[in-house]
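Line order of the protein sequences matches chains C and V. Add 317 to a position in the first sequence, counting from 1, and you land on the number used in this note's numbering. Add 6 to a position in the second sequence, counting from 1, and you land on the number used in this note's numbering. For every residue, glycine included, the Cβ atom is placed at its ideal position computed from N, Cα and C. Before any comments, here is the structure.
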Amino acid sequence: MIAQLPIVSMVMLLGMALIIPLFKRRNFSVTTSLGFVVLLAVWVLTLLVLWHVRVEGPMTYRFGNYEAFLGIELYIDLFAVLFVFFILSLIMVIYVYSTGDATEGVAEKEYGRYYILLFILLFAMLGIIYTNDLFNTYVFMEILSITTVSIISIKRKKENYTASFRYVMLNEIGSLSYLFGVALLYMVTGYTNIGLVAESIGQHWTAYPANATTAIGFMVVGVGIKSAVFPFHVWLPDAHSTAPSSSSAILSAIVVKVYILIMIKVLFRVFGLSVLDVIPVSTLLIAVAATGMIMGSMFAMAQTDIKRMLGYSSVAQVGYIVMGIGLISVLGLQAALFHVVSHALMKAALFLSVGAIIYKKKIRKVSEFNGMGFEMPVAMVVFTIAALGMIGVPMTTGFISKLNLGLAALDGGQAVLVFVLIVSGFLNALYYLPIIINAFLKDNPSQIRVMRVEKIPKTMLGPLVVLGALIVYFGLFPGVLIRVLEAVAASLL
Amino acid sequence: MNDIIVKTVARILIPFIQLYGIFIMLHGHVSPGGGFAGGAMIGTSFVLYTLVFGIDKSKKKFSERVSEYAESGGILLYIALGLIGIIMAGSFLTNIDAGFPKGTPGSMFSGGMIPLLMIGIGIKVASTFITLFHTLIEEEEA
């Protein structure tokens, strides 16, 4: 019975997306509450699966009872179900926020469309993480990028169209390059099932070294473009800053991470250590990641628009994660996975608090945040917590993930990376701290000081507080999460 | 387009295009084609209708409301067939094991639930074609 739950939850999400247009003529609150019920149900089902997998170990689900080499499979292990659970929890928080009129800049009659896209997005992410088939991953990737594009361009403004066009072009290159890699693997092995491909590659790849090398290159670069690893990041700041705030949070905190999870799957589950030891993927990834960590922060410093700044900051943070993957050790992978979680929490908190400020005050310039701490205290406090986390101040998740990454780098004998980590942390401080200081200590010169606290709707306030609390909680008590992630990392390597 | 020749020819052609579309859709499992190709043909027949008789008349034939139900309904049919598999045989999209009749190989009534799936896909694709075309025309006019 438990084995059916992953596919049932995916079908429920897809079904919800399909039902929304049929409720078009009803009151919109019916749709949002039904959507929340579906999300909650899926969340509970995933919790059940998580508990089952933790106790009984991984399970395989075959569609239509076909054999693995004929049909398609879902592979539900701790890695998959843990991240699905995390994504669902975070989406639920953001969903509650988005119902508080915070889908900034989206017309009232487009709301239904927005939630359709949101549910299909979620369906595609679940598919990507659960599937045990390289080609199915590609199909879900396409669904994911098409829905993302539609969400970016939902505001019907010129800048959104430019951003989404750029996104389509670059991401299509990414998808096709991934697909080309899959084709090369299929040529050598004759399978697209991840388990069978891995088995076949492990035995025979030395007979086709060119194929394996090209395939790994194309797949990693393809997924790298989609997860905005440094030299391929050009689409990200535009796309994430022009989208509505709640979807910026989803795109930056979750969608980018899903592609990183694909990268982890491709590297460790398809190719495995025997190939990675010979092909210098590790060196390349680390070099790219280190450059990204520095350059992303440099670009972020130059921005005047706060959402663009957060976008560039994501580029730097993706660098941290890729660095952890590039170390190819249990410690490194565990640190990378922890940073996936911690960055998702922090970036969601940043985008949502900034979204609340933009929603109320209609400002986007960094310089206009002076004195904001008095006008919107809750949003600004959450922003401060998350920004301190980005810098890596103790008592936040950001500190724990940097500590872990540093330890993993030292363990891997790459002391230079610790230096890069510290420099990147300083650069983060250089652009986050002025905003915080100005918001709390400086008056806004252009207008008379208003000692009036702006009220945010409760549905927006709650999620902000939850995210802020989670950042501090996992910063103080990371033990449980780290132990689980260590088990996950050990199972992948 | 107010031309008597075009209108008459279109009026004669459209039923045959649709009939061929349905043929392709239902024979997807035994011959080249399938739900997508058949649905695209049916959709194209409506596109031809819109081109010849104008958007207003076409909207009467295939209103927005119908297209909403058809688009969601197509996939919901697919999902429902998949769920039958879970209930009857313990796996999503199970075909013969879930009790769908095998039929005579090569005839239209064979392959278990595949023809039914093709109908779902066909409905979805046809209505998407029509909706897309209507949206494009309306955006041009607006």
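Problem - Member of C/Y637, C/M626 and C/L810 whose CA lies at the smallest distance from the CA of C/F668 - result: C/M626
Exercise for the section: Step through the CB atoms of chain V and report whether any lies within less than 7 Å of the CB of C/G381. Expected result: yes
Problem - Residue span of the alpha helix (DSSP H) that contains C/L553, given as start and end - result: W552 to T559
Problem - Euclidean distance between Cα positions of C/H521 and C/S591 - result: 11 Å
Exercise for the section: Say whether chain C places a C-beta atom closer than 7 Å to the C-beta of V/E146. Expected result: no
Practice task
Evaluate C/K574 with the Cβ neighbour count: other Cβ atoms within 10 Å of its Cβ, from every protein chain shown; 16 or more gives buried, anything less gives exposed.
Solution key: buried
Practice task
Determine which residues share a DSSP beta bridge with C/E390 and list them.
Solution key: C/R379
Practice task
Check whether the region 126-140 of chain V touches the region 48-56 of chain V, counting contact only when three or more Cβ pairs, one atom from each stretch, lie closer than 8 Å.
Solution key: yes
Problem - Rounded Cβ spacing between C/S670 and C/L781 (contact assumed at less than 8 Å) - result: 6 Å
Problem - Straight-line Cα distance separating V/T14 from C/G491 - result: 49 Å
Handout entry: Collapsed DSSP secondary structure at V/S150 in the structure displayed
Key = Nothing can be reported for residue 150 of chain V, as the shown portion of chain V is limited to 7 through 148.
Problem - V/A95: contacting residues in chain C (beta-carbon distance under 9 Å) - result: G381 and N382
Practice task
Count the C-beta pairs between the region 437-456 of chain C and the region 607-623 of chain C that are closer than 8 Å, then say yes if the count reaches three, no if not.
Solution key: no
Practice task
Kindly indicate the opening and closing residues of the alpha helix (DSSP H) around C/A607.
Solution key: V598 to M618
Handout entry: chain C within 7 Å of V/E70, Cβ atoms only
Key = no
Handout entry: Minimum Cβ-Cβ distance from V/L99 to chain C less than 7 Å
Key = yes
Exercise for the section: Grab me the residues of C/A756's own chain with a C-beta within less than 6 Å of its C-beta, minus the 5 sequence neighbours each way, in chain order. Expected result: F686, M689, G690 and M697
Problem - Within 7 Å of chain B by C-beta, residues of the region 103-119 of chain V in sequence order - result: Considering every chain present, this structure includes no chain B. Its protein chains are C and V.
Exercise for the section: Please confirm if C/I324 has its CB atom under 7 Å from at least one CB of chain V. Expected result: yes
Problem - Helix, strand or coil at C/G643 [DSSP, three-state] - result: helix
Practice task
Determine, using beta carbons only, whether V/L82 comes closer than 7 Å to chain C.
Solution key: yes
Practice task
Have a look at C/S406 and C/V413 and give me their C-alpha separation to the nearest angstrom.
Solution key: 11 Å
Handout entry: C-alpha distance - C/I336 paired with C/M329, whole-angstrom precision
Key = 10 Å
Practice task
Could I get the ranges of all uninterrupted alpha helix (DSSP H) runs contained in the region 511-546 of chain C, with 4 residues as the minimum, in chain order?
Solution key: 511-521 and 526-543
Practice task
Determine the chain C residues that contact V/I143 at a beta-carbon separation under 8 Å, and present them in chain order.
Solution key: Residues of chain C passing the Cβ test: none, with the nearest at roughly 18 Å.
Problem - Assigned secondary structure, C/D728 (DSSP; H/G/I helix, E/B strand, else coil) - result: helix
Practice task
Give the range of the alpha helix (DSSP H) segment to which C/M707 is assigned.
Solution key: P694 to I708
Problem - Short Cβ contact (7 Å threshold) for C/D728 with C/L648 - result: yes
Handout entry: C-beta contact flag for V/G88 and V/N101 at 7 Å
Key = no
Problem - Option nearest C/I389 by Cα separation, candidates C/F396, C/T377, C/F400 and C/V398 - result: C/T377
Handout entry: Straight-line Cα distance separating C/E771 from C/E692
Key = 6 Å
Exercise for the section: Step through the CB atoms of chain C and report whether any lies within less than 7 Å of the CB of V/S78. Expected result: yes
Exercise for the section: Give the DSSP bridge partners of C/D622, in chain order. Expected result: C/K682
Handout entry: Interface flag, V/I85 vs chain C, CB-CB below 7 Å
Key = yes
Practice task
Indicate the three-state DSSP secondary structure (helix, strand or coil) for C/S631 in the structure shown.
Solution key: helix
Practice task
Compare the C-beta of V/I30 against all C-beta atoms of chain C and say whether one is closer than 7 Å.
Solution key: no
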